[in-house]
Structures are given as C-alpha cells and as structure tokens.
Amino acid sequence: MAEVKLHGRLLSPFVCRVIWALKLKGVPYEFVAEDLSNKSDLLLKYNPVHKKIPVLVHGGKPVCESMIILEYIEETWPQNPLMTNNPYDRALARFWIKFAEDKLVVAILKLFRSITGQELENAKKEILEILQTLEEHGLRERNFFNGDNIGLVDIAFGSMLYWMQVIGDVVGVKLFDSHKFRSLHTWFENFKQVPEIEENFPNRHDHLVYLKHRREQWVASD
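Dropping the structure here:
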C-alpha cells in the first residue's frame, strides 16, 4: 500500500495544486481517480463533510482542502521548501493565499456561472480589479511571490490563472492581457516553465471540452 495517495480528478485546478507540490517536493504518491458523478465510498469516508476533491491520504489519515493539504505537505516534507523561514514573509504568503481563495476563486466561479450580459460584465470587471491588485502589489518585481524560488503562493495563483483563462475561452472573454498585466504575465510564463509544473499541467483541450459541457448544463438548469 502506498504511503501517500491523492484522490482527485486531473482536470481540477485544486487537485493540480497538490500534484505540483508533491512533485516539487519529490514525494512519491499514488493517484486515485475519482468520478464526481459517482463518488467512491473511500472519498465519502475520507471527506464526509464536504465530499469533495482533493483528498490527500498519508499513512491512512486524510487531509482535505487544497491549500490545507499544501501546508501539510510543506510541514511534513521539509525538503525543497515552498515557504520561507522568515515570519513576516510567511505571514505575507498566507495573506496572498487567502486573497486568492476569498477573491479570485469566487470571482472566477461568478464568471463561469454568468448567464446574462450584465452578469458577465460584472464578473469580468471584478476579475480585472483583482488582477490589477496583484500586478501592483503582489510580485514586487520578484521572479516569484516567494522571491527567487517557487512557493505556495505561486501554486495557489498559478492554478487559478490557468483555470481563469480556460473559463474565459468558454464564456468568450479575454482577461489576461499581456500588455496590461506585464509583471503577472511574465511571472505566469516563468511559472509554467518550471519542469515540475510544465510536466503536470492539465490538458487544455480536455479541460475546455469539460467546462463547455458543464456550462451548458448550468445554463440549461437555470
């Protein structure tokens, strides 16, 4: 039995976060594919509260929620650190992670679920304001949010910007302009070129097809 198992779906940006962290840490694991339309007994056992992916199982003990899993990975396997030892920088990293979860994730979901033109315009405006905040205050002219090395904040935002771009294609809006968001765009290109990230990026075509189908279902059920 593998010591570490990851229950998830490869097209999930939240699952990607965990895969990237495990790869960056060099932690071997077994991937357990989950069908969310027919959730396994193990998934329901390991995450009885939210019944969602991802779930990391380490030594038979489950850990849920992607960013909590990432912090667990960081604390359990100290090699190739994804957080600095400086208390202030760690606090700053947690601030931006919370910003990603509270602001960007919510705004992207609004965009995906927008049906009317006004809803779409409001969601687009909200995302652009968030990106502008990141452009002006996030990177601070560094290669990564963590400094010279990739870290948890990069993983948090990298998964969301990829997801945002695919959803933008689905709903027909362009959000991530390379001229308007120069620093962010440069950072994202550098992020995607890190071998552990590049080799484990979701298949964009498959993700696009999947999200188009999900959006059609959402619009039809409204």
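Those letters in the sequence shown? Residues 1376 to 1597, by our numbering. Beta carbons: idealized from backbone N, C-alpha and C, even for Gly.
- For Val1407, the enclosing beta strand (DSSP E) covers residues Glu1405 to Ala1408.
- Taking C-alpha positions only, Phe1556 is separated from Gln1507 by approximately 7 Å.
- Residue burial is scored here from C-beta neighbours: Lys1549 has fewer than 16 other C-beta atoms within 10 angstroms and is therefore classed as exposed.
- For Lys1436, the enclosing beta strand (DSSP E) stretches over residues Lys1436 to Cys1439.
- Taking a C-beta distance under 8 Å as the contact criterion, Arg1384 and Leu1411 qualify as a contact pair.
- Looking from the CA of Ala1482, the closest CA among Glu1496, Thr1451 and Gly1434 belongs to Glu1496.
- Within the DSSP secondary-structure output, Val1541 pairs in no beta bridge.
- Look at Val1481 here: in three-state DSSP terms it is helix.
- Proximity of the region 1528–1540 to the region 1391–1407 meets the contact definition, three or more beta-carbon pairs being nearer than 8 Å.
- Its chain contains Gly1533, Leu1536 and Phe1551 as the residues whose beta carbon lies nearer than 8 Å to that of Phe1563, once the 5 sequence neighbours on both sides are disregarded; these appear in chain order.
- Annotated three-state conformation of Lys1380 is strand, per DSSP.
- A Cβ-Cβ distance of about 6 Å is found for the pair Ile1542 and Leu1586, placing them in contact under the 8 Å criterion.
- Check the Cα spacing between Gln1592 and each of Arg1488, Asp1464, Pro1437 and His1425: the tightest is with Arg1488.
- Taking 8 Å as the cut-off, the beta carbon of Leu1457 is found no closer than this to the beta carbon of Leu1509.
- Beta bridge pairing from DSSP links His1433 with Val1379 and Lys1436.
- The Cβ neighbour count for Ile1428, taken over all protein chains shown within 10 Å, is at least 16; the residue is labelled buried.
- One thing to note: Ala1498 has its Cβ within 8 Å of the Cβ of Lys1485.
- Selection Glu1501, Gly1513, Glu1440 and Ser1387 evaluated against Asp1464 yields Gly1513 as nearest (Cα-Cα).
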